[in-house]
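Below you'll find the structure, written out as structure tokens, and then a few comments.
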Amino acid sequence: MYLDRVINQLIELKLVRQDELVGCTRDEVAAFEQQLGISLPRAYQEFLLSMGHSAGQFLRGSDCFFQHLPQLQEWAIELLQENNFAQSIPEDAFIFFMHQGYQFSFFRLSEGAEPPTYSYCEGTEETSFIKSHESFSDFLATEVEIHAKYLIAFARK
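Reading the sequence shown from the start, the letters are residues 426 to 582 in our numbering.
This is the structure in structure tokens:
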């Protein structure tokens with residue numbers, strides 16, 4: 426539903442095979458939500474159910490899969506502290522993505538089923554979090570585009 430376009434692009438561009446998409450079970454997602462005392466947005470639940478454990482080469486090198494989720498909040502806070510970033514992570518933020526330890530993305534649990542995403546990147550002059558995408562599925566679509574460009578450039582070498 427929310428991620429149909431993204432999943433279709435991944436497969437059509439041959440960035441991932443269908444059998445490489447390893448989702449979480451509904452029980453895993455429900456237990457995770459219960460453990461944290463939250464309800465995740467539907468678009469993000471769909472991500473977890475369709476590719477929450479693995480997506481082949483897609484998003485490899487980034488911490489965004491189920492095994493890393495419990496640590497992401499802590500790692501993001503440490504990154505902000507190391508860089509003396511004045512703004513705190515919002516209380517209803519859910520960190521869903523960290524790349525190479527220098528940038529992370531989150532959405533706010535209060536912003537609906539398909540929330541916008543926000544980001545922080547070390548080494549920039551920003552003094553507040555940046556609204557990076559209008560929706561979680563837009564975030565993933567951008568990652569698909571980046572991954573596709575990288576693979577095309579790599580294949581030409």
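Even for Gly, the Cβ is constructed at its ideal location relative to N, Cα and C.
Quantities reported herein were computed from a predicted structural model and do not represent experimental measurements.
Within the continuous beta strand (DSSP E) that includes residue i, where are the two ends?
i, result
"Ala518", "518-524"
"Ile555", "555-558"
"Arg533", "528-533"
DSSP three-state label for residue i, please.
i, result
"Leu465", "coil"
"Tyr545", "strand"
"Phe472", "helix"
"Ala480", "strand"
"Leu446", "strand"
"Ser562", "helix"
With 16 other CB atoms within 10 Å as the buried threshold, where does residue i fall?
i, result
"Ile432", "buried"
"Asp429", "exposed"
"Gln460", "exposed"
"Ile406", "As shown, the chain starts at 426 and ends at 582. That puts residue 406 outside it, with no answer to give."
"Asp488", "buried"
"Pro495", "exposed"
"Tyr527", "exposed"
"Ala501", "buried"
"Ser464", "exposed"
"Glu539", "buried"
Report back the beta-carbon spacing between residue i and residue j to the nearest angstrom; my notes put them in contact at under 8 Å.
i, j, result
"Phe491", "Glu453", "7 Å"
"Leu534", "Phe519", "6 Å"
"Met523", "Glu471", "About 20 Å separates the two Cβ atoms, so there is no contact after all."
"Ser553", "Ala468", "So it is not a contact: roughly 24 Å between Cβ atoms."
"Ala480", "Leu504", "Not confirmed; about 24 Å, so no contact."
"Thr542", "Phe564", "5 Å"
What span of residues does the alpha helix (DSSP H) with residue i cover, start to end?
i, result
"Gln506", "494-507"
"Val583", "Lying outside 426 to 582, the shown extent of the chain, residue 583 is not represented and no answer is given."
Please tell me whether residue i has its Cβ less than 8 Å away from any Cβ of chain C.
i, result
"Gln459", "The structure shown contains no chain C, having only a single protein chain."
Meets three-Cβ-pair contact criterion under 8 Å: the stretch 538-549 and the stretch 471-485:
no
Under 8 Å: do the stretch 527-543 and the stretch 436-448 share three or more Cβ pairs, one atom per stretch?
no
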